[in-house]
Amino acid sequence: MDVYKSIDEVRGAIKKFKSDGKRIGFVPTMGALHEGHLSLIRLAKKHADVIVASIFVNPEQFGPNEDFDSYPRELEADLNKCEDEGVAIVFAPNRDDVYDKKKYIRIEVDELNRHMCGGSRPGFFEGILLIVNKLFNIISPDVAVFGQKDIQQFQIVSQMVREFNHDIELVMAPIERANDGLALSSRNKYLSDEEREIAPGLYRALTYVERQIKSGVETPSLLLKHQKSELEAKGFKIDYLNVFDKKTLRPVNALKEGGEYILAGAAWLGKTRLIDNFLIEL
Ligand code: PAF
Numbered sequence: 061m062d063v064y065k066s067i068d069e070v071r072g073a074i075k076k077f078k079s080d081g082k083r084i085g086f087v088p089t090m091g092a093l094h095e096g097h098l099s100l101i102r103l104a105k106k107h108a109d110v111i112v113a114s115i116f117v118n119p120e121q122f123g124p125n126e127d128f129d130s131y132p133r134e135l136e137a138d139l140n141k142c143e144d145e146g147v148a149i150v151f152a153p154n155r156d157d158v159y160d161k162k163k164y165i166r167i168e169v170d171e172l173n174r175h176m177c178g179g180s181r182p183g184f185f186e187g188i189l190l191i192v193n194k195l196f197n198i199i200s201p202d203v204a205v206f207g208q209k210d211i212q213q214f215q216i217v218s219q220m221v222r223e224f225n226h227d228i229e230l231v232m233a234p235i236e237r238a239n240d241g242l243a244l245s246s247r248n249k250y251l252s253d254e255e256r257e258i259a260p261g262l263y264r265a266l267t268y269v270e271r272q273i274k275s276g277v278e279t280p281s282l283l284l285k286h287q288k289s290e291l292e293a294k295g296f297k298i299d300y301l302n303v304f305d306k307k308t309l310r311p312v313n314a315l316k317e318g319g320e321y322i323l324a325g326a327a328w329l330g331k332t333r334l335i336d337n338f339l340i341e342l
């Protein structure tokens, strides 16, 4: 496995594989790799011959009061995990390798970031699109794999791929969960033992609402309100818990036969922000 910081070097290495006719699969990450990331790598291997992973904690997607400084950084361990999974190339740049000191160009997101995580994290998706766009241009993958846990990210990146004409196939990997249902996340490391016990509550609330919707509830607002109060009583601070249209990412009140929805929640438990979602097709 080769590890590069420099754009020119990683491009050179990828070009060699491409000239041998290899299909390049890409898994972008911010490191602190867990089973969720490893499942993305394993899925990428089913779609490509050579896997490139990136490890970069992207400052542009953190707000001024967010956890950029404390975000877990475990490069050595991450590289070992990538090597064990058969990753061929890791691109692990420093900030100055990918960003100029002063930037004059931004990518703006319209509407798709108004609700869900975009509603409470201003600039988050603009920062993600900036780095993902750069990484797509640097790596030039044939296929890139993102996780369903960040479903709004997947939908917005898909829109960028369409609008910016990136010639890249996107694949969404299902959410990896702990035995008690908690969606795996690098941020779960922040949870105290007590919070870790409570944390699967978000998954359970979503599971309950999903089941009710599947058994015929068409207007889940009361159910959601009730689940929010139950979660708050357990110590969660709810950011959102709602059903969204899968395409527009807008909240939906009345669900219709044939509709595609995202039942999603985000909630704080102490200093940890948890997110989770279910895709629902009626
Ligand atoms: O999903 C993530 O880990 C990040 O948002 C990504 C796609 C690596 C961009 O920094």
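Residue 317 in my numbering sits at position 257 of the sequence shown, with consecutive numbering throughout. Glycine residues also receive a C-beta, built at the ideal position from the N, C-alpha and C atoms. Just so it is clear, the structure is predicted and the values come from calculations on it, not from any experiment.
Between the CA atoms of residue j and residue i - distance to the nearest angstrom
i, j, result
"Ala-265", "Ile-273", "12 angstroms"
"His-107", "Pro-201", "11 angstroms"
"Asp-160", "Glu-171", "28 angstroms"
"Leu-309", "His-175", "7 angstroms"
"Leu-291", "Gly-241", "15 angstroms"
"Ile-258", "Asn-248", "12 angstroms"
"Ile-104", "Glu-229", "Checking the sequence, you will find Ala at residue 104 rather than Ile. Rounded to whole angstroms, Ala-104 to Glu-229 spans 11 angstroms at the Cα level."
"Thr-89", "Gly-318", "34 angstroms"
"Ile-199", "Arg-71", "6 angstroms"
"Ser-246", "Asp-156", "24 angstroms"
"Ser-289", "Ala-73", "53 angstroms"
"Ile-322", "Phe-214", "12 angstroms"
"Val-231", "Asp-109", "15 angstroms"
"Arg-237", "Ile-335", "12 angstroms"
"Lys-76", "Cys-142", "20 angstroms"
"Val-150", "Asn-173", "30 angstroms"
"Gln-219", "Leu-339", "18 angstroms"
"Gln-212", "Cys-177", "8 angstroms"
"Ile-67", "Val-158", "8 angstroms"
Proximity below 8 angstroms, CB of residue i to CB of residue j
i, j, result
"Leu-244", "Glu-95", "yes"
"Asp-305", "Ala-327", "no"
"Phe-116", "Ala-152", "yes"
"Ala-92", "Val-147", "no"
"Leu-189", "Ile-216", "yes"
"Ile-346", "Asn-193", "Outside the shown range of the chain, which is 61 to 342, sits residue 346, and nothing can be said about it."
"Phe-196", "His-226", "yes"
"Leu-100", "Ala-293", "no"
"Ile-235", "Gln-121", "no"
Assigned exposure category for residue i - 16 Cβ within 10 Å defines buried
i, result
"Arg-181", "buried"
"Ile-165", "exposed"
"Leu-284", "buried"
"Leu-139", "buried"
"Leu-342", "exposed"
"Gly-325", "buried"
"Asp-261", "The identity of residue 261 in the sequence shown is Gly, whereas the question assumes Asp. When all chains shown are included, Gly-261 counts as buried."
"Asn-302", "buried"
"Asn-239", "exposed"
"Asn-154", "exposed"
"Phe-224", "exposed"
"Lys-297", "exposed"
"Lys-162", "exposed"
Sequence-distant residues of the same chain with beta carbon closer than 7 angstroms to residue i, five excluded per side
i, result
"Glu-255", "Leu-329, Gly-330, Thr-332"
"Gln-287", "Ala-265, Tyr-268, Val-269, Leu-301"
"Val-221", "Ile-228, Leu-230"
"Leu-98", "Lys-141, Glu-145"
Own chain residues within Cβ distance below 6 angstroms of residue i, not counting five before or after
i, result
"Tyr-131", "Val-117"
"Glu-320", "Lys-306, Glu-341"
**Request:** Count the C-beta pairs between the region 192-212 and the region 78-85 that are closer than 8 angstroms, then say yes if the count reaches three, no if not.
**Result:** yes
**Prompt:** Using 8 angstroms as the threshold, is the region 306-322 in touch with the region 267-287, meaning 3 or more CB pairs across them?
**Reply:** yes
**Request:** Report yes or no: do the region 178-192 and the region 61-81 share at least 3 C-beta pairs separated by less than 8 angstroms?
**Result:** no
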